[in-house]
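Under our numbering, the very last position in the sequence shown is 375; numbers go up by exactly one each time. Just so it is clear, CB atoms sit at the ideal spot from N, CA and C, and this is done for glycine as well. Quick caveat, the model's predicted, so the values are computed rather than measured.
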Amino acid sequence: MVLIGELAAQAAQMLLVLLVAPLLTGLVRKVKARLQRRRGPPLLQPYRDLRRLIGKEVVLAENASWLFRVVPYLVFSATWVAAALVPTFATGLLFSWTGDLIAIIALLATARFLLQLAALDIGTSFGGIGASRESLIASLAEPATIMIVFTIALIAGSTQLSHIAAFMGSEQVGLRVSLAFALVALVIVAIAENARIPVDNPATHLELTMVHEAMVLEYSGRHLAMIEAAASVKLLFHLSLIACIFFPFGLAQEGRDLLAYAAGAGLWLAKLAAGGVLLAMFETSIAKMRVFRVPGFLGAALMLGLLATLLLFISRSL
């Protein structure tokens, strides 16, 4: 019975991540519309879009290989697994031992690499532009992410997310400048990784500004549905990761009852809602920057991550 309960809790987390992701995307769009004094789409519009895309016929280019058809499913699977490994409402679940930060980063990097290959597979100019720009962003975002991971690992003594969440929620942490630097750096990386303003605009189709949209421009039907679902899950992943590491309050501990799990799930949804509202406010208050200014934006995240790590080494040597 204990094993069945643990399996049920783990399955609930995986399903919850999948079901809530489109709602988070709808919330961001709705809040942005309201801030711009527009009515905006309904909160459930992303679910309707996914259902509509799944029901549409897939249109493929004549020179599309098997890789182009398989990549959407692989990207969605890798992103979903990465998001499901982040503790949402509880720590110490059955598969929590696999929730290692380095492994999760590798999963997301694999998804990005596959999407770039699919963009180049067709041979269109849009795909080449998008893949090239995505490589530029990834070459700066991934080192910054690694420095953030080093900072968190030096403080918590582990890269396992359940252990990190438990440590960050204890009284041993206190206020640290290195954690503030790591938080700001992770927010910058999350904005870039999710193709949000000011790095990219997910709602545009202008060839001079597209990054992510340029790579998926040739997809349609259920393939495009998988790509859109993966984008929603990726946004939820980054908000859940920030909440798990820096705001771990409310997470149910291992072996707690159903009421504690429900309370943890409610607090997790509240954190996601707060993150979605803050993201919408930030995107509304800032303009999209030129592509050639993106390295400076991500360079700030890299320097903040490096400074956070150096501060920890200096503080320990004194």
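**OP:** Tell me whether the beta-carbon of residue 81 lies closer than 9 Å to the beta-carbon of residue 308.
**Re:** Using a Cβ distance threshold of 9 Å, residue 81 and residue 308 do not count as a contacting pair.
**OP:** Take residue 167 as the anchor and find which of 370, 352, 333, 130 has the nearest alpha-carbon.
**Re:** Between residue 167 and the set 370, 352, 333, 130, the nearest pair of CA atoms involves 130.
**OP:** Whole angstroms is fine: what's the gap from residue 362's alpha carbon to residue 355's?
**Re:** Computed Cα separation, rounded: 11 Å.
Subject >> First and last residue of the uninterrupted alpha helix (DSSP H) at residue 162 >> reply: For residue 162, the enclosing alpha helix (DSSP H) begins and ends at 158-178.
**OP:** Kindly indicate which residue of 282, 292, 345 has the alpha-carbon position closest to the one of residue 254.
**Re:** Ranked by Cα distance from residue 254, the options 282, 292, 345 are led by 345.
Subject >> Buried or exposed by the 16-neighbour rule on C-beta atoms within 10 Å, applied to residue 169 >> reply: Buried, since its Cβ has 16 or more Cβ neighbours within 10 Å.
**OP:** Consult DSSP for residue 70 and reduce its assignment to one of helix, strand or coil.
**Re:** Helix.
Original post:
Does residue 113 get closer than 9 Å to chain B when you measure Cβ to Cβ?
Top reply: The chain labelled as chain B is not found in the depicted structure, where only one protein chain is given.
Original post:
For residue 99, does the count of other Cβ atoms within 10 angstroms reach 16, so buried, or fall short, so exposed?
Top reply: Residue 99 should be labelled exposed.
Subject >> Cβ-Cβ separation, residue 275 to residue 179 (assumed contact under 8 Å), whole Å >> reply: At roughly 5 Å, the Cβ-Cβ gap stays under 8 Å, so residue 179 and residue 275 are in contact.
Original post:
Looking at the structure shown, is residue 260 part of a helix, part of a strand, or coil, going by DSSP?
Top reply: Correct three-state label for residue 260: coil.
**OP:** Starting from residue 217, follow its DSSP beta bridges and name the residues at the other end.
**Re:** Bridge partners of residue 217: 157.
**OP:** Report yes if the C-beta distance between residue 431 and residue 257 is below 9 Å; otherwise report no.
**Re:** The requested residue 431 is not part of the displayed model; the chain covers only 58 to 375.
**OP:** Using a threshold of 9 Å, state whether the C-beta atoms of residue 153 and residue 142 are closer than that.
**Re:** When the beta-carbon positions are compared, residue 153 and residue 142 come within less than 9 Å of each other.
Original post:
Using the C-alpha atoms, what's the distance from residue 368 back to residue 282?
Top reply: Put simply, the backbone Cα of residue 282 is about 44 Å away from that of residue 368.
**OP:** Check each candidate in 123, 96, 84 and name the one with the smallest Cα separation from residue 104.
**Re:** Looking at the Cα atoms, 84 is the closest of the given residues.
Original post:
What are the boundary residues of the alpha helix (DSSP H) that residue 353 is part of?
Top reply: Segment 351-374, the alpha helix (DSSP H) holding residue 353.
Original post:
Under a Cβ-count criterion, where at least 16 other Cβ atoms within 10 Å of its own Cβ denotes burial, should residue 44 be classed as buried or exposed?
Top reply: Because residue 44 is not part of the residues shown, which for the chain are 58 to 375, the question remains open.
**OP:** Report the rounded CA-to-CA distance for residue 79 versus residue 101, giving the unit in angstroms.
**Re:** Straight-line spacing of the CA atoms in residue 79 and residue 101 works out to 8 Å.
Subject >> Sufficient close CB pairs (3 or more, under 8 Å) joining the stretch 119-126 to the stretch 184-191 >> reply: Result no; under three Cβ-Cβ pairs closer than 8 Å.
Original post:
Which same chain residues, not among the five before or five after residue 111, have their C-beta less than 8 Å away from its C-beta?
Top reply: Excluding positions up to five away in sequence, the list reads 278, 279, 282.
Subject >> Spatial neighbours of residue 273 in its chain, beta-carbon cut-off 6 Å, leaving aside the 5 residues before and after >> reply: Around residue 273: 284.
**OP:** Please list, in chain order, all residues of the same chain as residue 229 whose beta carbon is under 8 Å from its beta carbon, the five residues on each side excluded.
**Re:** Around residue 229: no qualifying Cβ.
Subject >> Beta-carbon proximity of residue 183 to residue 208, cut-off 9 Å >> reply: No, the pair does not count as a contact, with Cβ atoms beyond the cut-off.
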